[in-house]
Amino acid sequence: MMSHEKTALLIGATGRTGRRLLPLLLASNSGFAKVAEYGRRVTPKDQLPVESLSRLEQKVIDFEKISESGLKDGKWDVVFITLATTQAIAGSPEQFEKIDKGYVLSAAKEAKSTDSEFKQRIVYISAVGSDPASRFIYSRCKGLTEEGLAKLGYDDTIIFRPAILKGEDRNLLEKAISPFTSALSLVSSNVQIQFDALTKAVLKAGQLGSSSLPAGIVKQDSWTGGPTFSVIGNASALKLAKT
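In terms of our numbering, the sequence shown opens at residue 18 and continues consecutively.
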């Protein structure tokens, strides 16, 4: 798909998943000659390897003025979106949907090249249970975001649907149910996933693309008869992280 020096764009690099993904993208063996981090905040450079900074472009953007972000000026081979929030952090259901869906879709649309000959891939971290018709705002918002991304027309749209995220910076709910999910994970690979495993899988999917991933990792899905996209569930993400 991409024979030239590849570029990667990361939206949401300061979040729990994004801050683990950025160092992987900047690693010398990532395959990306240039990595861009765009967001409301950017990672302090003293938290990143000095030797990688020459390949890193950082820009603080206003999602309310996305057309002024400069995203359209870059030609990104792979767009990674790890931007997400919660109702508690957002402050209201309306703000949650505005950030979790609106900002994601507007950034993805702006990052899409106008050059029809330029092939692009987008990788987005959604969640298990996503459904645009769900009664629950979280699941509905994730499903609507998936549906919206698929309609943007990227050449390869990959959606991750992890289950419970496990790591040192879990939220209160994740900590409360951790004993139960840890026990269940002994008999099922659909229950939880470590942040580090998820980011390794996300990187691999971005590097290889749907068609080149190991057999059985990807399944095709669509919402309400819309465009199809590739889905990687929790169990498949765990497998991919080990490859």
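Every residue, glycine too, gets a C-beta built ideally from N, C-alpha and C.
It should be emphasised that the depicted structure is a prediction, and the values quoted were computed from it without experimental measurement.
Taking a contact to mean a Cβ-Cβ separation below 9 angstroms, would you say residue 182 touches residue 34 in this structure?
Yes, Cβ-Cβ distance for residue 182 and residue 34 is below 9 angstroms.
What residue range is occupied by the uninterrupted beta strand (DSSP E) comprising residue 75?
Run containing residue 75: 73-77, per the beta strand (DSSP E) assignment.
If you draw a straight line from the alpha carbon of residue 257 to that of residue 84, how long is it in whole angstroms?
Between residue 257 and residue 84, the C-alpha separation is close to 35 angstroms.
Starting from the C-beta of residue 72, find all residues in its chain whose C-beta is less than 8 angstroms away, skip the five residues before and the five after it, and write them out in chain order.
Within the same chain, residue 72 has close Cβ partners 43, 49, 50, 51, 52.
What does a CB cutoff of less than 8 angstroms around residue 88 pick up in its chain, not counting 5 residues either side in sequence?
Closer than 8 angstroms at the Cβ level, and outside the excluded window around residue 88, lie 26, 55, 78, 124, 127, 128.
Rounded to whole angstroms, what is the Cα-Cα separation between residue 82 and residue 76?
If I take the Cα positions, the gap works out to 14 angstroms.
Excluding sequence positions up to five away, which residues of its chain have a Cβ less than 7 angstroms from the Cβ of residue 243?
The answer, listed in chain order, is 164, 167, 168.
Mind checking whether the beta-carbon of residue 181 lies closer than 8 angstroms to any heavy atom of the ligand COA?
With respect to small molecules bound, the structure shown includes none, and the ligand COA cannot be examined in it.
Measuring straight from C-alpha to C-alpha, what distance separates residue 135 and residue 120?
Residue 135 and residue 120: Cα-Cα distance of roughly 24 angstroms.
Should the segment 103-113 be regarded as contacting the segment 136-152, the criterion being three or more beta carbon pairs within less than 8 angstroms?
No, because fewer than three Cβ pairs between the segment 103-113 and the segment 136-152 fall closer than 8 angstroms, the two stretches do not touch.
Exposed or buried, residue 251, counting other C-beta atoms within 10 Å across all chains shown (16 or more means buried)?
By the 10 Å Cβ count, residue 251 comes out buried.
Within 9 angstroms (strictly less), CB to CB, does residue 78 reach chain C?
Considering every chain present, this structure includes no chain C. It has just one protein chain.
Sort 231, 238, 94 by Cα distance to residue 130 and report the nearest one.
Of the listed residues, the one whose Cα sits closest to residue 130 is 94.
Where DSSP assigns a beta bridge to residue 177, which residues make up the other side?
BP columns for residue 177 point to 142, 249.
By how many angstroms is the C-alpha of residue 223 removed from the C-alpha of residue 19?
Summary for residue 19: the model assigns pLDDT 44, below 50, so the residue's position carries little reliability, and this model does not support an answer.
For the 8 angstroms Cβ check, are there 3 or more pairs between the segment 61-68 and the segment 213-223?
No, the segment 61-68 is not in contact with the segment 213-223.
Just curious, the beta strand (DSSP E) that residue 25 is in, first and last residue?
That run of the beta strand (DSSP E) goes 23-28.
Residue 118: buried (16+ other C-beta within 10 angstroms of its C-beta) or exposed?
Residue 118 should be labelled buried.
Looking only at its own chain, which residues have a Cβ that is under 8 angstroms from the Cβ of residue 246, when we skip the five neighbours before and after it?
Answer for residue 246: 163, 166, 167, 174, 175, 176, 237, 238, 239, listed in chain order.
How is residue 35 classed by DSSP in three states: helix, strand or coil?
DSSP places residue 35 in helix when its eight states are reduced to three.
Can you tell me whether residue 233 is buried or exposed? The criterion is at least 16 other CB atoms within 10 Å of its CB, across all chains shown.
Counting Cβ neighbours within 10 Å, residue 233 comes out exposed, since fewer than 16 surround it.
Report the CB separation of residue 219 from residue 140 in whole angstroms; it is logged as a contact under 8 angstroms.
The Cβ separation is near 6 angstroms, so the contact holds.
Would you mind sorting residue 144 into buried or exposed? The rule is 16 or more other CB atoms within 10 Å of its CB.
So residue 144 ends up on the buried side.
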